[in-house]
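Comments concern the structure below.
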Amino acid sequence: MWGKEDNCLSFSHHVFPVCLPVGKQKAAVDRKSCVISGWGDTGRSYSRMLLQGTVALLPRKVCKSRYGKKFTNRMLCAGNLSEDNRVDSCQGDSGGPLVCQRPNTQWVILGITSWGYGCGQKDSPGVYTKVSKFVPWIKKVTKII
């Protein structure tokens, strides 16, 4: 991995690779505390700092009931449906990660921020591209065997 001035980044406690979701490992994550991050709209402006928030992956039937035919099998949704905890991605966060932790402390990228209705709206979870549907393509393009 390359950093500033083409220097290779050193992995540390704060810098490490994320795993691709493969096979049965996809299900072996903590679905209640996944993390989203980005520099998107905060309600007043775009963030100058990288922000993160904790969201829960939601069952497909919840996503389908909210978004109907717009929600396909290449998507997943996550968020907090209550009034009290409105953590969500927003404009400017698109392309950012949705990662979940495995019991062994490895992080897996399950989603890529895509779209939603508004930001932090009650009953409108964020929609993410489902990375597992694209793992064969990712491996082919990056030449990962």
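Residue 669 is where the sequence shown starts when you use our numbering, and the numbers rise one by one after that.
We put the beta carbon where it would ideally sit given N, CA and C, even for glycine.
Note that the structure is predicted; figures quoted are calculated from it, not measured.
Start and end of the alpha helix (DSSP H) containing valine 730?
728 to 735
contact_flag[the segment 786 to 803, the segment 739 to 751] where n(CB pairs < 8 Å) is 3 or more
yes
In this structure, does DSSP put tryptophan 670 in helix, strand or coil?
The predicted position of tryptophan 670 is uncertain, since its pLDDT is 48 and thus under 50; a value taken from the coordinates is nonetheless stated next. Three-state result, tryptophan 670: strand.
Near histidine 681, what residues of its chain come up, given a Cβ to Cβ distance below 6 Å and the 5 sequence neighbours on each side ignored?
none
Name the DSSP beta bridge partners of valine 767, please?
Val703, Ile777
Test item: CB-CB of valine 697 and arginine 770 under 7 Å:
yes
Give me the Cα-Cα distance between glycine 706 and aspartate 761, rounded to the nearest whole angstrom.
5 Å
Just to confirm the assignment, what range does the alpha helix (DSSP H) spanning valine 809 have?
803 to 810
Would you tell me roughly how many angstroms separate the C-alpha atoms of lysine 700 and cysteine 731, rounded to the nearest one?
15 Å
Over the uninterrupted beta strand (DSSP E) stretch that includes threonine 797, give me the two end residues.
794 to 798
Pair every Cβ in the segment 714 to 724 with every Cβ in the segment 774 to 790, then say whether three or more of these pairs are closer than 8 Å.
no
Alpha-carbon spacing of aspartate 756 relative to arginine 734, whole angstroms:
Near 15 Å, if we compare the C-alpha coordinates of arginine 734 and aspartate 756.
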